[in-house]
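Some notes on the structure that comes next.
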Amino acid sequence: MKDAISAAPTAGVLGAGEQDQIEVVVTKFNNNDGKIEISYAFVDESMEQFNKNVLSTLQRRTHRLDVTFR
């Protein structure tokens with residue numbers, strides 16, 4: 230499954246009430262099923278740019294989506 234799925238953007242910060250889209254593409258055919266994981270955390274309004282170090286210290290929520298190739 231490695232390198233079979235690509236998503237963009239891979240990280241970012243959304244303000245309260247903002248929305249964004251995540252585009253997911255299949256980069257090569259694969260017969261194996263897999264998962265996409267979306268992790269997020271809530272930050273205060275002073276955070277304007279994504280910072281992986283800050284994210285690692287926060288309580289994150291995660292959504293895992295099953296991917297089925299047909």
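Take the sequence shown: its position 26, counted from the start at 1, is 255 in our numbering, and no numbers get skipped.
Yeah, the Cβ is synthetic: ideal placement off N, Cα and C, and Gly gets one too.
Remember, it's a predicted structure, so these values are computed and weren't measured experimentally.
- Between the beta-carbon of S268 and that of V254 there is about 20 Å, and that puts the pair past the 8 Å contact cut.
- Every beta strand (DSSP E) of 3 residues or more that sits fully in the region 261–292 is shown, in chain order, as 263–269.
- Here L243 is not bridged, per DSSP, to any residue.
- DSSP links I251 through a beta bridge to no other residue.
- If you draw a straight line from the Cα of N282 to the Cα of Q248, it comes to about 23 Å.
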